[in-house]
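Asker:
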Amino acid sequence: MGLTVAQKIIKEHLVKGEMIPGKEIAIRIDQTLTQDSTGTMAYLQFEAMGIDRVKTKRSVAYIDHNTLQTGPENADDHLYIQTVAKKYGIYFSKPGNGICHQVHLERFAVPGQTLLGSDSHTPTAGGIGMLAIGAGGLDVAVAMGGGEYYLIMPKIVKVNLKGRLQPWVSAKDVILELLRRLTVKGGVGKIFEYTGEGVKTLSIPERATITNMGAELGATTSIFPSDEVTYEFLKAQGRESDFVEILPDPDAQYDEEIEIDLSSLVPLAACPHSPDNVVPVSELKGIKVDQVAIGSCTNSSYKDLMKVAKILEGKTIAEHVSLVISPGSKQVLNMLAQNGALASLVAAGARILECACGPCIGMGQAPRTNGISLRTFNRNFEGRSGTPSAKVYLVSPETAAASAITGYITDPRTLGDEPQVEMPKSFLINDNLIIPPAENPDEVEVIRGPNIKPFPQGKPLPEVVTGKVLIKLGDNITTDHIMPSNAKLLPYRSNIPYLSDYCLTPCDPDFPKKARENGGGFIVGGVNYGQGSSREHAALVPLYLGIKGVLAKSFARIHMANLINNGIIPMVFENPNDYDTIEEMDELKIENARDQIEKSDVLIIENVTKGLKYRMVLNLTERQRQMILHGGLLNLTKAKGMN
């Protein structure tokens with residue numbers, strides 16, 4: 001039986017287990033990436049392992065999230081990351097060099113290799129034929145130390161692309177169509193592999209847009225084949241020696257299949273407040289726009305911004321619109337400056353932001369109260385923009401540019417002929433903001449600012465676990481709810497005690513106080529608990545507050561892994577109706593907790609207040625059970641060594 005692209009890469013990197021969907025496997029990791037929002041904690045965890053040097057083929061630390069420096073905290077963390085990278089064998093991408101996923105695609109991603117990143121949009125590199133997976137910082141730290149990465153073998157979904165995109169329809173519309181069909185939980189436990197005649201019509205940046213937003217499906221990752229289009233991109237980056245052709249076998253077997261006729265797609269938009277709330281842009285005609293933001297790791301490539309520049313050329317944005325543009329990398333910005341496109345953007349009225357995540361992560365450019373913001377980003381969760389009352393729509397660069405001109409949500413097909421943008425035969429290559437590791441690491445001093453505090457570590461599981469239900473939540477609770485990520489809080493990513501005052505406050509302003517007064521306890525959630533970012537702060541901060549377990553109808557993949565990594569028990573209701581019988585401040589008790597977790601797939605938890613017992617499913621592998629028993633991955637790693 002033939003193999004798919006994903007199966008070929010997994011097979012080549014398989015260390016433990018069998019490639020059977022639903023079974024645990026372990027794979028060897030070739031590359032890692034971190035960013036400064038999650039990286040400080042990942043490197044503190046790496047240091048705690050006592051390993052002298054990273055053991056990957058390439059590890060890169062990016063500064064792209066916390067780039068507003070209104071106090072010393074961000075600059076202190078950047079210096080810590082730079083010195084720790086220098087000492088331990090990690091390449092360091094300085095602030096201003098660009099967004100991690102865009103830069104990695106340009107300069108480091110290699111077809112056929114594996115990439116583990118402490119950012120949920122790491123699958124962007126799947127656009128170049130890399131098996132790229134987002135994970136918590138601790139998983140990345142273990143991989144940097146030479147440890148394999150454990151995951152449940154996903155199902156492989158074939159996405160067969162037919163035909164080619166019509167004028168004014170973009171790659172963003174392809175992934176929005178998938179989100180419309182499948183929802184934000186439709187990809188859990190799956191890898192989306194793109195095939196078919198339509199693949200060859202898409203450039204690498206376009207493929208990367210699609211794999212990037214596969215994260216919003218809840219997918220393990222998404223991947224394209226490595227073909228002649230891949231080769232031309234790598235050649236234009238001066239990296240043709242990295243090219244390896246990887247195509248699915250003609251008789252490759254897939255677990256599921258989806259077909260998308262590219263020629264039938266129209267411009268789409270995700271309406272507030274979820275990436276799967278998708279409708280045609282034409283249905284939103286007449287909605288007045290206050291802000292347009294173009295950029296993010298989804299849509300900030302050279303090709304995206306050249307298209308925007310050509311649409312805006314000779315035009316002026318509407319008087320009531322604020323247009324901000326964040327180029328994805330220094331390479332992109334430099335090329336726009338050289339060819340005159342930057343002048344067109346500025347002349348039209350665009351405000352040019354630095355090459356960073358910026359507004360996408362809530363780092364500046366919050367809309368006005370009740371504002372309508374069109375963004376080419378990947379997430380529009382309520383309040384993520386920095387303005388709780390804002391309504392954020394996710395659109396393509398073409399739709400964003402058209403709407404900036406008219407001042408209203410506008411179908412770009414109404415603008416006439418679409419301007420054409422070709423991929424460059426050669427990119428401008430200047431890696432002077434990428435700092436290589438030191439040749440003599442003993443000479444490097446790691447510098448820690450006063451904002452860096454020790455991270456909490458789990459404790460071995462006791463025989464009896466008790467606590468009150470501190471909060472009861474609904475469906476699709478995001479990591480933005482659990483650990484808000486705005487411009488005021490991002491500088492404190494290395495200070496868990498400080499962040500603990502804000503845990504789950506968007507849902508209950510008194511949650512931190514209740515957690516402290518009750519010595520911790522339990523969280524109850526609905527479907528898809530923990531969707532969104534890979535930030536393990538959404539597990540570390542609850543751990544600091546004494547959270548012992550989370551009862552939910554289902555979990556998002558990365559957050560569930562982060563809970564287990566930190567020794568917090570994730571439990572799934574065997575009978576979803578039991579959720580309805582639980583109230584806040586109910587007292588819960590798990591008798592014989594260690595024995596139950598070690599030996600059973602179902603954990604019995606007693607609601608002492610109501611006199612009820614619940615059967616909670618433990619979707620844990622044997623290794624994950626050991627993590628819970630030891631109080632987390634770091635404790636287990638120390639106890640048993642890397643392997």
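Going by the numbering used here, 507 is the number at position 507 of the sequence shown; the sequence numbering is gapless.
Just so it is clear, CB atoms sit at the ideal spot from N, CA and C, and this is done for glycine as well.
Just to check my reading of the structure: P506 and H481 have Cβ atoms closer than 8 Å, yes? What is that Cβ distance to the nearest angstrom?
Answerer: The count along the sequence shown starts at 1 and reaches residue 506 at position 506. The count along the sequence shown starts at 1 and reaches residue 481 at position 481. Sure, about 5 Å apart at Cβ, within 8 Å.
Asker: Three Cβ pairs or more, each shorter than 8 Å: is that satisfied between the segment 244-261 and the segment 280-300?
Answerer: The segment 244-261, when compared against the segment 280-300, does not touch it at the 8 Å Cβ threshold.
Asker: Could you give the distance in angstroms between the alpha-carbon of V392 and the alpha-carbon of P280?
Answerer: Position 392 of the sequence shown holds residue 392. Position 280 of the sequence shown holds residue 280. Roughly 15 Å separates the two Cα atoms.
Asker: Tell me whether Q253 is buried or exposed, calling it buried when 16 or more other Cβ atoms sit within 10 Å of its Cβ.
Answerer: Within the sequence shown, residue 253 is the residue found at index 253, counting from 1. Exposed.
Asker: Could you tell me whether the Cβ atoms of I429 and P456 are closer together than 8 Å?
Answerer: Against the sequence shown, residue 429 aligns to sequence position 429. Against the sequence shown, residue 456 aligns to sequence position 456. Against a cut-off of 8 Å, the Cβ pair of P456 and I429 comes out as no contact.
Asker: Suppose you measure from the CA of T124 to the CA of T609; what does that come to, to the nearest Å?
Answerer: One-based indexing of the sequence shown puts residue 124 at position 124. One-based indexing of the sequence shown puts residue 609 at position 609. Rounded to the nearest angstrom, the two C-alpha atoms are 47 Å apart.
Asker: May I ask which residues mark the beginning and end of the beta strand (DSSP E) holding T124?
Answerer: One-based indexing of the sequence shown puts residue 124 at position 124. Element bounds for T124: n/a, residue is neither H nor E.
Asker: For the segment 609-634, list the beta strand (DSSP E) runs that are entirely contained and at least 3 residues long, ordered along the chain.
Answerer: Segments of the beta strand (DSSP E) lying fully in the segment 609-634: 612-617.
Asker: What's the C-alpha gap between N643 and G631?
Answerer: The residue you call residue 643 lines up with position 643 of the sequence shown. The residue you call residue 631 lines up with position 631 of the sequence shown. Confidence is the limiting factor: at N643 the pLDDT is only 44, short of 50, which leaves the residue's position unreliable, though a coordinate-based value still follows. Their backbone Cα atoms lie some 17 Å apart in a straight line.
Asker: Give the straight-line distance between the Cα atoms of L363 and E463, rounded to the nearest whole angstrom.
Answerer: In the sequence shown, the residue the question calls residue 363 occupies position 363. In the sequence shown, the residue the question calls residue 463 occupies position 463. Correcting the residue identity first, residue 363 is Met in this sequence and not Leu. Roughly 44 Å between the two C-alpha positions.
Asker: Have a look at L176 and A390 and give me their C-alpha separation to the nearest angstrom.
Answerer: Start at 1 with the first residue of the sequence shown, and residue 176 comes out as number 176. Start at 1 with the first residue of the sequence shown, and residue 390 comes out as number 390. In a straight line, the C-alpha of L176 is about 21 Å away from that of A390.
Asker: I'd like the list of long-range same chain contacts for A487, defined as Cβ closer than 7 Å, with 5 residues on each side in sequence excluded.
Answerer: Here residue 487 corresponds to residue number 487 of the sequence shown, with the count starting at 1. Only L68, G362, M363, G364 and G386 meet the Cβ criterion.
Asker: Among G129, I133 and K638, whose alpha-carbon lies nearest the alpha-carbon of L234?
Answerer: Reading the sequence shown from its first residue, position 234 is the one you call residue 234. Closest option to L234, Cα to Cα, is G129.
Asker: Measuring CB to CB, does S37 end up less than 8 Å from H65?
Answerer: Position 37 of the sequence shown, counted from the start, is the residue given in the question as residue 37. Position 65 of the sequence shown, counted from the start, is the residue given in the question as residue 65. Yes, the Cβ-Cβ distance between S37 and H65 is below 8 Å.
Asker: Rounded to whole angstroms, what is the Cα-Cα separation between L3 and K23?
Answerer: One-based indexing of the sequence shown puts residue 3 at position 3. One-based indexing of the sequence shown puts residue 23 at position 23. Computed Cα separation, rounded: 18 Å.
Asker: Quick check on this structure: which residue in F224, I435, G521 and S600 has the alpha carbon closest to the alpha carbon of Q7?
Answerer: If you number the sequence shown from 1, residue 7 lands on position 7. When only C-alpha atoms are compared, the closest one is F224.
Asker: Would you mind stating whether E245 and S226 have Cβ atoms separated by less than 8 Å?
Answerer: Numbered from 1 along the sequence shown, position 245 holds the residue referred to as residue 245. Numbered from 1 along the sequence shown, position 226 holds the residue referred to as residue 226. Contact flag set, yes.
Asker: So, for S282: in the same chain, excluding its five sequence neighbours on each side, which residues have a beta-carbon less than 6 Å away from its beta-carbon?
Answerer: Locating residue 282 in the sequence shown gives position 282, counting from the first residue. Answer for S282: D411, listed in chain order.
Asker: Per DSSP, what kind of secondary structure is D442 in: helix, strand or coil?
Answerer: Locating residue 442 in the sequence shown gives position 442, counting from the first residue. The answer is helix: DSSP assigns D442 an H, G or I state.
Asker: To the nearest angstrom, how far is it from the Cα of P272 to the Cα of V346?
Answerer: Translated into the one-based positions of the sequence shown, residue 272 becomes position 272. Translated into the one-based positions of the sequence shown, residue 346 becomes position 346. The straight-line gap from Cα to Cα measures roughly 29 Å.
Asker: Starting from the Cα of G127, find the closest Cα among K548, V332 and V5 and give me that residue.
Answerer: Along the sequence shown, one-based indexing puts residue 127 at 127. Closest by alpha carbon: V5.
Asker: Thinking just about the alpha-carbon of each residue, which of P248, S274, K307 and Q624 is nearest to the one in Y194?
Answerer: Your numbering for residue 194 matches position 194 in the sequence shown. Nearest C-alpha to Y194: P248.
Asker: How would you write the range of the beta strand (DSSP E) that M571 sits in, first residue to last?
Answerer: In the sequence shown, the residue the question calls residue 571 occupies position 571. Here the beta strand (DSSP E) through M571 covers I569 to F573.
Asker: Is the segment 589-600 in contact with the segment 521-540, if contact means three or more CB pairs nearer than 8 Å?
Answerer: No, the segment 589-600 is not in contact with the segment 521-540.
Asker: Where do the N-terminal and C-terminal ends of the alpha helix (DSSP H) with E206 fall, by residue?
Answerer: Your numbering for residue 206 matches position 206 in the sequence shown. It spans I204 to M213 - the alpha helix (DSSP H) in which E206 sits, taken as one unbroken run.
Asker: Determine, using beta carbons only, whether A132 and T209 come nearer to each other than 8 Å.
Answerer: For this step, residue 132 is matched to residue 132 along the sequence shown. For this step, residue 209 is matched to residue 209 along the sequence shown. Going by C-beta atoms, A132 is not nearer than 8 Å to T209.
Asker: May I ask you to report which of helix, strand or coil DSSP gives L394?
Answerer: Position 394 of the sequence shown holds residue 394. Reduced to three states, the DSSP call for L394 is strand.
Asker: What are the boundary residues of the alpha helix (DSSP H) that includes Q596?
Answerer: Stepping through the sequence shown from its first residue, residue 596 is reached at position 596. It spans A593 to K599 - the alpha helix (DSSP H) in which Q596 sits, taken as one unbroken run.
Asker: Please check the pair Q45 and G134, which I expect to be a contact at CB under 8 Å, by giving their CB distance rounded to whole angstroms.
Answerer: If you number the sequence shown from 1, residue 45 lands on position 45. If you number the sequence shown from 1, residue 134 lands on position 134. Not a contact, Cβ separation roughly 16 Å.
Asker: Buried or exposed: where does E106 fall if 16 or more other Cβ atoms within 10 Å of its Cβ makes it buried?
Answerer: As a first step, residue 106 must be located in the sequence shown, where it is residue number 106. With 16 or more Cβ atoms within 10 Å of its Cβ, E106 is classed as buried.
Asker: Below 6 Å CB to CB, which residues in the same chain sit around S170 once its five sequence neighbours on both sides are set aside?
Answerer: Taking the first residue of the sequence shown as position 1, residue 170 is located at position 170. Result list for S170: S396 and E398, in chain order.
Asker: Inspect the beta-carbon positions of A236 and F427 and report whether they are closer than 8 Å.
Answerer: By one-based count along the sequence shown, residue 236 stands at place 236. By one-based count along the sequence shown, residue 427 stands at place 427. Closer than 8 Å, so yes.
Asker: How many Å lie between T114 and N440 at the Cα?
Answerer: On the sequence shown, residue 114 is found 114 positions in, with the first residue counted as 1. On the sequence shown, residue 440 is found 440 positions in, with the first residue counted as 1. So the alpha carbons of these two residues sit roughly 28 Å apart.
Asker: Going by C-alpha to C-alpha distance, which of L333, S326, V332 and G371 sits closest to R351?
Answerer: The count along the sequence shown starts at 1 and reaches residue 351 at position 351. Among L333, S326, V332 and G371, the Cα nearest to that of R351 belongs to S326.
Asker: Going straight from the alpha carbon of N562 to that of A539, what length do you get?
Answerer: The residue labelled residue 562 in the question sits at position 562 within the sequence shown. The residue labelled residue 539 in the question sits at position 539 within the sequence shown. Using only the alpha carbons, I get a separation of about 6 Å.
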